[in-house]
Amino acid sequence: MSTVILKCTQCNIVINELLCFVQNKIDVLDEESLVRLCVTAFSTSEINDAKELLFATITTTVRNVSRRKDKEQKDLDDIISAFKNTEPDSTPIFVAWQLHKLPPVIFNSLDTTSVLKNIVSLQSDMKCVKESYATIDQLNTLRSELDNMRYASLVNIDENVNKKRGAYLLDSGPTGILNLSHTPTMIGSTPERETMSAQQQTNILQSQPFLQLTSTARCSRESGSAGTESELSRTNSPRSRDKATAASIAIPMRSDRFSAAQLSAAVLTHNGVNEVSCAIVNNNKSMAEVLGQEGEWKSENPRQEWIEVRRRRYRNRTEGITGKATIKPSDRFKPADIKIPLFISNDHKETSEKDIAEFILSKTSEKVFLQKTKMKTLRDYNAYKMMVTRHKLDLFLNDEIWPDGVTCRHFMPYRTPDQIRNIDLAAAG
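Using the UniProt record's numbering, you'd call the opening residue of the sequence shown number 1 and step up by one each time.
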């Protein structure tokens, strides 16, 4: 059967309402909703003609199979598969001539399950965005903090400079900020500081190395320690004078970076640190002072008795417990009644099953049913099998409740050698 193709002679445009609708809605709707709309809007002949027209105008790897059962749905599935497996440039542009044949896309024709699934996925994505993304206020706050750190002034303090082997003459740079002293600065407004000029404050800051050495000597002299002479000699040595002179020469080179307020704060911080260090030195006592104090050394007498030492016992974390509470008849929470067989042997021939059951009831308060074991070889004693509750197994396996000479153990069923061999082979795999 030949299909009439209504096609433009100058362009790649083909007229067909069904193919036009499928080609435009295949990226918007899911396949199930698209098939449902086309089945309700187009007839069987229109679907068949559209399928023949599509396979006649394109070259695809999808086979044009004639369907029999559920023809409309399967033909539409073939049309959708052909559109998806064909390059868009190789597919003609399908247009609609009779627009009233195009079905409207309403909510009843859609797959509500997929729509709800997409809504839930969208809600979860929005929640993730709200929890993980930063707000505009947080971004502005972080930006302002970065700007403040970028334009913050770096104040170099002599406490953050390595003073060994002449390194105090060098500028430590930004790394000195990492170890800034947390001593509170005593900044107050006094008439002397307000009237002090910037040049005077600069001169005070330049003489900090010498002030530090003299303050150390003053603290040592006030404490009366043995290191007074060494401190004074180190202060008056030519090397220390050279260092102080070099420091006073090097400081004016970068003194123009600081304001008067910064210089006064540095001077006050330096004086405060010196006062604290003096107090610490005064509170420390020398070894001679400690030994010269009155008193007796306390000596401990060694103990001659034995001390018992026990190794720590490691508790088994997987160890459990078994309940012992009494269960009432009205209680619904109770253990499972799982029975385990026990074997009683070496019983007297004159002892009946009733006598054994009454004896067990008097000892364990449990009623049991005894089953006599038939022996192939005649013995001088009887043997019985009984079923007991599993969680009361320890009660029955207690040797204090059984008469002297009577044995009680787990019941082991008799198996032939062939049965034992088969069980071993099954366990070995």
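Idealized CB from N, CA, C, for every residue including glycine. What you are looking at is a predicted structure, and each value in this text was computed from that prediction instead of being measured.
Cβ neighbour criterion (16 or more within 10 Å) applied to residue i
i    : result
C11  : exposed
T91  : buried
K51  : buried
I79  : buried
E17  : buried
N422 : exposed
D418 : exposed
L99  : exposed
D75  : buried
Y151 : exposed
V120 : exposed
Q23  : buried
L116 : exposed
Y414 : exposed
Q304 : exposed
I106 : exposed
L425 : exposed
F333 : exposed
F369 : exposed
I356 : buried
L54  : buried
P238 : Below a pLDDT of 50, predicted positions are generally treated as unreliable, and P238, at 46, falls in that range; the measurement from the model is reported next regardless. Under this definition P238 is an exposed residue.
H410 : exposed
M253 : No answer about M253 holds up, because its pLDDT of 43 lies below 50 and its placement is not dependable.
Where the beta strand (DSSP E) through residue i begins and ends
i    : result
I93  : 93-95
R421 : No beta strand (DSSP E) contains R421, which is instead part of the alpha helix (DSSP H) from 417-428.
C408 : 407-410
V28  : Per DSSP, V28 belongs to no beta strand (DSSP E) and is neither H nor E.
K385 : 382-389
Opening and closing residue of the alpha helix (DSSP H) in which residue i lies
i           : result
K25         : 17-25
T141        : 136-150
N48         : 44-57
residue 477 : Only positions 1 to 429 of the chain appear in the structure, and residue 477 is not among them; the question remains open.
L393        : 393-396
E72         : 71-84
8 Å contact criterion, which residue i and residue j should meet: CB distance rounded
i           : j    : result
residue 435 : I26  : This structure gives no information on residue 435, because the portion of the chain shown stretches from 1 to 429.
F94         : L34  : Their Cβ separation, rounded to whole angstroms, is 15 Å, which puts F94 and L34 out of contact at 8 Å.
E346        : V406 : First, the amino acid is wrong: residue 346 is Asn here, not Glu. Yes, N346 and V406 are in contact; Cβ-Cβ is about 6 Å, under 8 Å.
D337        : T389 : 6 Å
L397        : C408 : 7 Å
C-beta contact flag for residue i and residue j at 7 Å
i    : j    : result
M387 : P341 : yes
P103 : L37  : yes
N85  : V62  : yes
Y381 : I344 : no
K367 : L361 : yes
T416 : L395 : no
E72  : T44  : yes
P329 : H391 : no
### Ordered list of beta strand (DSSP E) runs contained in the region 321-376, each at least 3 residues
339-347, 370-372
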